[in-house]
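Protein chains in written order, with our numbering: chain D, 9 to 402; chain S, 9 to 402.
To start, the structure under review is shown below, and the notes come after it.
Number of protein chains: 2
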Amino acid sequence: MRSARLLSLALLLFLTSPAVASAQDIGVPVPPLGAGPWVIDTAEQHKIRMSVVARGLSHPWALAFLPHGDMLITERDGRLRWLSAGKLDPTPISGLPEIRTDGNGGLMDVAIHPDFESNGLLYFTYTKPAGGGRGSPALARARLDGHRLVELRDLVVTDAYDGNSGLNGRVAFGADGKVYMSTGGRVENVAQQPSSLRGKILRLNDDGSVPDDNPFLDRPEFRPEIYSLGHRNQLGLMLHPVTGELWNHENGPNGGDEINIILPGRNYGWPVVSFGRLYPGSRVSEHPTKEGMESPLVVWLPAIAVAGMAVYTGDAFPEWQGNVFVGSLREGGIPGTGHLQRIVFNEQIEEIRRESLLREFRQRIREVRQGPDGLLYLLTDEDDGALLRIEPAP
Amino acid sequence: MRSARLLSLALLLFLTSPAVASAQDIGVPVPPLGAGPWVIDTAEQHKIRMSVVARGLSHPWALAFLPHGDMLITERDGRLRWLSAGKLDPTPISGLPEIRTDGNGGLMDVAIHPDFESNGLLYFTYTKPAGGGRGSPALARARLDGHRLVELRDLVVTDAYDGNSGLNGRVAFGADGKVYMSTGGRVENVAQQPSSLRGKILRLNDDGSVPDDNPFLDRPEFRPEIYSLGHRNQLGLMLHPVTGELWNHENGPNGGDEINIILPGRNYGWPVVSFGRLYPGSRVSEHPTKEGMESPLVVWLPAIAVAGMAVYTGDAFPEWQGNVFVGSLREGGIPGTGHLQRIVFNEQIEEIRRESLLREFRQRIREVRQGPDGLLYLLTDEDDGALLRIEPAP
Chain D
9 MRSARLLSLA
19 LLLFLTSPAV
29 ASAQDIGVPV
39 PPLGAGPWVI
49 DTAEQHKIRM
59 SVVARGLSHP
69 WALAFLPHGD
79 MLITERDGRL
89 RWLSAGKLDP
99 TPISGLPEIR
109 TDGNGGLMDV
119 AIHPDFESNG
129 LLYFTYTKPA
139 GGGRGSPALA
149 RARLDGHRLV
159 ELRDLVVTDA
169 YDGNSGLNGR
179 VAFGADGKVY
189 MSTGGRVENV
199 AQQPSSLRGK
209 ILRLNDDGSV
219 PDDNPFLDRP
229 EFRPEIYSLG
239 HRNQLGLMLH
249 PVTGELWNHE
259 NGPNGGDEIN
269 IILPGRNYGW
279 PVVSFGRLYP
289 GSRVSEHPTK
299 EGMESPLVVW
309 LPAIAVAGMA
319 VYTGDAFPEW
329 QGNVFVGSLR
339 EGGIPGTGHL
349 QRIVFNEQIE
359 EIRRESLLRE
369 FRQRIREVRQ
379 GPDGLLYLLT
389 DEDDGALLRI
399 EPAP
Chain S
9 MRSARLLSLA
19 LLLFLTSPAV
29 ASAQDIGVPV
39 PPLGAGPWVI
49 DTAEQHKIRM
59 SVVARGLSHP
69 WALAFLPHGD
79 MLITERDGRL
89 RWLSAGKLDP
99 TPISGLPEIR
109 TDGNGGLMDV
119 AIHPDFESNG
129 LLYFTYTKPA
139 GGGRGSPALA
149 RARLDGHRLV
159 ELRDLVVTDA
169 YDGNSGLNGR
179 VAFGADGKVY
189 MSTGGRVENV
199 AQQPSSLRGK
209 ILRLNDDGSV
219 PDDNPFLDRP
229 EFRPEIYSLG
239 HRNQLGLMLH
249 PVTGELWNHE
259 NGPNGGDEIN
269 IILPGRNYGW
279 PVVSFGRLYP
289 GSRVSEHPTK
299 EGMESPLVVW
309 LPAIAVAGMA
319 VYTGDAFPEW
329 QGNVFVGSLR
339 EGGIPGTGHL
349 QRIVFNEQIE
359 EIRRESLLRE
369 FRQRIREVRQ
379 GPDGLLYLLT
389 DEDDGALLRI
399 EPAP
């Protein structure tokens with residue numbers, strides 16, 4: 009009885025304590041990225057060397073390789089940059105549409121058509137201004153003619169809405185030659201609504217028309233572009249180069265980031281089920297999975313704000329063959345904790361271990377790609393953003 | 009058709025590739041722990057200072073504070089050490105029982121009776137040799153008389169078994185004055201078996217007798233000591249100093265470490281449900297939770313091999329009030345990745361963020377305790393193990 013009273017007093021003091029930091033005070037000083045190169049120990053590939061290929065990029069978001077080793081890099085505030093022979097062209101590529109660039113919106117992903125060498129077609133995602141301060145994640149196509157875009161055309165313009173949350177979208181070509189776009193669906197129940205393009209993966213022909221085998225064509229309540237639903241914010245979408253599957257990843261709120269294998273017509277659960285909690289702390293759902301909804305392949309608890317994704321298939325790092333690399337913008341809700349993660353799968357594509365890398369740099373890793381040279385390339389989402397290259401240490 | 013064939017070829021090459029590292033090759037070189045002290049940035053408490061209080065400990069496992077600031081430290085290979093005024097007594101405390109010390113077994117946890125000042129009673133967990141090379145996790149009690157144990161008595165000797173897995177046990181006193189012991193239950197279905205003491209939390213009177221209000225007394229198939237079931241390997245068990253609840257944590261296999269709030273008679277799910285995968289990669293269960301089984305309060309994916317646990321309630325770190333600290337032996341199945349984690353809860357004891365600390369030291373953190381001085385104390389589970397102290401940086 010006495011101990012219960014003491015306990016209640018302690019609880020009261022604890023609950024009324026003012027010593028709870030507000031979120032804006034939280035974080036560790038992030039050192040400026042040095043000049044490099046750096047040699048880094050890793051668990052299976054031993055020493056790697058990381059170097060800065062380019063810097064001075066403003067919040068770079070995505071990169072794509074052109075057939076002869078040149079690279080395109082998007083900057084979120086609406087510039088498409090060309091990097092050739094390791095040099096960043098100071099003049100951005102011209103011919104982009106008008107882009108809403110406040111908050112999380114802006115120019116996002118870029119991908120080249122599988123027949124780019126013959127048709128020169130580029131695909132990119134961006135926030136299209138929609139009037140009244142609103143924006144619509146959109147997928148556009150254009151032909152790259154020298155250093156300018158021509159024949160620009162929006163292929164799909166998704167729902168317009170206020171605010172910044174969910175202003176994100178990736179674009180990737182599938183093994184079937186179709187073009188897939190992911191859209192953010194963080195808020196409310198939009199990801200489950202068949203009439204909304206938010207929180208979905210869309211599937212289009214390369215000209216933007218709807219393929220005649222899309223999964224919901226016989227269900228008139230669904231927008232015909234929808235390929236899968238129930239997604240939160242998706243900062244990763246790729247064709248798995250070995251299995252030929254489409255993989256995405258999603259940011260959970262407070263916990264519950266996930267990688268999914270995307271199958272036609274399937275429901276990936278957000279916000280009905282999630283492994284995460286809402287930011288104030290309560291669970292999104294009593295149970296994290298549910299019959300009739302797809303369970304994730306990989307889950308993060310705590311969240312790492314996963315961004316960018318690549319499967320390593322090159323020769324430079326034999327021990328990394330088949331490993332999946334993802335970037336982290338920040339871990340556990342703590343700013344200044346971005347890094348790179350490596351996930352190892354067995355032959356059945358089941359996870360067997362994970363390594364986190366580059367934590368000491370505290371950079372927000374936004375993009376991860378394998379180059380045609382078999383090396384890994386990263387973009388840091390910082391004011392002074394950098395393109396980084398990882399190669400074996402000599 | 010052609011692309012499908014190419015894909016199959018790529019898949020075949022991938023699956024037959026010899027470039028898959030064997031587990032024993034994996035890991036990053038761990039630098040020797042330096043002399044310190046070190047000043048370290050953290051996200052909410054700003055700069056902290058960590059120093060070495062003692063070193064040369066052989067795989068220390070647990071520590072307990074005596075009333076006047078002295079400290080007892082267990083070493084897994086069967087020694088109980090005394091630390092007084094910051095100096096480790098070179099002579100271990102005498103009077104321990106015979107202890108099986110191979111593999112994971114050995115001397116484990118130590119706790120003092122709430123009335124230690126008047127009765128001098130110590131409780132400790134250890135592996136009792138059981139003949140034929142087998143061992144039984146056991147809870148013993150003794151009186152500390154000077155630097156020797158007297159009146160030694162086993163309070164409970166759990167199931168004897170071969171091998172090393174699951175040879176672990178913590179001991180803690182509850183707010184009800186009862187003594188609780190956690191037991192490892194990794195293998196097979198022992199954690200669900202009512203006739204086995206493995207994979208359980210046991211509740212005893214301080215003399216080892218069974219309390220007359222234990223939850224399964226009216227179910228004769230249950231061992232009467234059982235308080236809760238369905239636990240895997242438990243390297244953390246504590247009385248929450250603010251809420252008065254009993255908390256444990258458990259190591260998942262490949263993912264799925266968890267913290268649980270322990271309630272009488274409840275089933276915590278192992279191995280029926282888990283957030284983790286088995287080491288070879290397959291899921292433990294299709295769904296990670298299930299009606300009728302308790303869901304964890306905190307989950308780790310990937311696993312961090314969680315060990316030791318403390319709630320911070322001191323004055324030295326105002327921003328850490330109410331935070332839970334846990335050690336990590338290794339993260340994601342990668343040796344050389346041990347560290348310390350801090351979990352922040354809201355007023356409803358719901359998780360809102362997590363910070364990882366001390367990663368740069370790559371130490372296996374086995375134990376975390378708050379000292380009577382309001383500072384944090386850690387043990388590193390290394391050949392040259394250390395007692396570390398964390399205080400505010402001046």
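Positions of the beta carbon are idealized from the N, C-alpha and C atoms, including for glycine.
Predicted model only: the values in this text are computed from it and were never measured.
Identify whether residue i lies in helix, strand or coil by the three-state DSSP scheme.
i	result
A29 of chain S	In this prediction, A29 of chain S scores a pLDDT of 42, lower than 50, which makes its location untrustworthy; the coordinate-derived value is nonetheless stated afterwards. A29 of chain S: coil per DSSP, three-state reduction.
W69 of chain S	strand
F369 of chain D	helix
Q378 of chain S	strand
Q200 of chain S	helix
P37 of chain D	coil
P228 of chain D	coil
W328 of chain D	helix
I107 of chain S	coil
Y287 of chain S	coil
L305 of chain D	coil
I270 of chain S	strand
D97 of chain S	coil
L15 of chain D	Caution applies to L15 of chain D, whose pLDDT of 43 falls short of 50 and renders its modelled position unreliable; the value that the coordinates give is listed next. DSSP places L15 of chain D in helix when its eight states are reduced to three.
So which residues of chain D does residue i contact, with C-beta pairs closer than 7 Å?
i	result
L152 of chain S	By Cβ distance, chain D contributes nothing, its closest Cβ being about 24 Å from L152 of chain S, past 7 Å.
Count the other CB atoms, across all protein chains shown, that sit within 10 Å of the CB of residue i; report buried if there are 16 or more and exposed otherwise.
i	result
T50 of chain S	buried
Q53 of chain S	buried
P296 of chain D	buried
E294 of chain D	exposed
G42 of chain S	exposed
S217 of chain D	exposed
Q242 of chain S	buried
N268 of chain D	buried
G177 of chain D	buried
A331 of chain S	Position check: residue 331 of chain S holds Asn in this sequence, whereas Ala was assumed. Classification of N331 of chain S: buried, given that the 10 Å Cβ count is 16 or more.
D265 of chain S	buried
A93 of chain S	exposed
V198 of chain D	buried
R89 of chain D	buried
S282 of chain S	buried
Q356 of chain S	exposed
N262 of chain D	buried
Can you give me the start and stop residues for the beta strand (DSSP E) that residue i sits inside?
i	result
S126 of chain S	Not the beta strand (DSSP E): S126 of chain S falls in the alpha helix (DSSP H), residues 124–127.
N176 of chain D	That residue, N176 of chain D, is in no beta strand (DSSP E); it is neither H nor E in DSSP.
R87 of chain S	87–92
K208 of chain S	208–212
E159 of chain D	156–165
P145 of chain D	143–153
H257 of chain S	254–259
R350 of chain S	347–353
V47 of chain S	46–50
Y169 of chain D	It is not in any beta strand (DSSP E) - Y169 of chain D carries neither H nor E in the DSSP assignment.
G300 of chain S	Careful: G300 of chain S lies outside any beta strand (DSSP E) and carries neither H nor E.
R397 of chain S	393–400
V314 of chain D	314–319
Determine the chain S residues that contact residue i at a beta-carbon separation under 8 Å, and present them in chain order.
i	result
V36 of chain D	D49, T50, A51
Could you tell me which chain S residues have their CB closer than 9 Å to the CB of residue i, listed as they occur along the chain?
i	result
R285 of chain D	E358, E359, I360
Selection of the stretch 344–367 of chain S by Cβ proximity to chain D, strictly under 8 Å:
The stretch 344–367 of chain S vs chain D, Cβ under 8 Å: G344, T345, F353, N354, E355, Q356, E358, E359, I360, R361, R362, E363, S364, R367.
By the 7 Å beta-carbon criterion, what residues does the stretch 259–280 of chain D contribute toward chain S?
Within the stretch 259–280 of chain D, the residues whose Cβ lies closer than 7 Å to some Cβ of chain S are N262, listed in chain order.
Any C-beta of chain D within less than 8 Å: which residues of the stretch 308–319 of chain S qualify?
If the cut-off is 8 Å between Cβ atoms, the stretch 308–319 of chain S has W308, L309, P310 near chain D.
Given a limit of 9 Å on CB to CB distance, which residues of the stretch 288–307 of chain D reach chain S?
For the stretch 288–307 of chain D, the beta-carbon criterion of a distance under 9 Å to any beta-carbon of chain S is satisfied by P288, G289, S290, R291, E294, H295, P296, T297, K298, E299, S303, V306, V307.
Residues, ordered as in the chain, of the stretch 371–391 of chain S that lie near chain A by beta-carbon distance below 9 Å:
Of the chains in the structure shown, none is chain A; the protein chains are D and S.
Can you give me, in chain order, the residues of the stretch 328–342 of chain S that have a beta carbon less than 8 Å from any beta carbon in chain D?
So the list reads Q329, G330, E339, G340, G341, I342, given in the order they occur along the chain.
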